[in-house]
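Report on the following structure.
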Amino acid sequence: MSDELYRLTAVQAVELLNKQEISPLDLIEASARRIAEVEPAVNALPTFQLPTFSREG
Numbered sequence: 057m058s059d060e061l062y063r064l065t066a067v068q069a070v071e072l073l074n075k076q077e078i079s080p081l082d083l084i085e086a087s088a089r090r091i092a093e094v095e096p097a098v099n100a101l102p103t104f105q106l107p108t109f110s111r112e113g
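When the letters of the sequence shown are read in order and numbered with our numbering, they come out as residues 57 to 113.
This is how it looks when you write it as structure tokens:
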């Protein structure tokens with residue numbers, strides 16, 4: 057499912073978050089992967105850099 061998280065609506069994402077089926081970091085990582093995948097063709101972001109997150113608190 058993680059590769060399809062970017063397709064979720066906000067309502068669907070919140071439902072999964074509330075059920076603890078996914079984490080906020082899962083959503084960030086899925087979005088970052090999708091942006092990296094399509095950005096070369098879209099060329100919408102002059103610079104793209106996400107901060108580094110860790111799963112360990």
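Quick reminder that beta carbons are idealized off the backbone N, C-alpha and C, glycines included.
CA-to-CA, the gap between residue 88 and residue 95 works out to about 10 Å.
In this structure, the beta-carbon distance from residue 62 to residue 86 falls below 9 Å. In this structure, DSSP gives residue 89 a helical state, which the three-state scheme calls helix. Contact between residue 69 and residue 83 holds: CB atoms are separated by about 6 Å, below the 8 Å threshold.
Per DSSP, the unbroken alpha helix (DSSP H) holding residue 68 starts and ends at 66 to 74.
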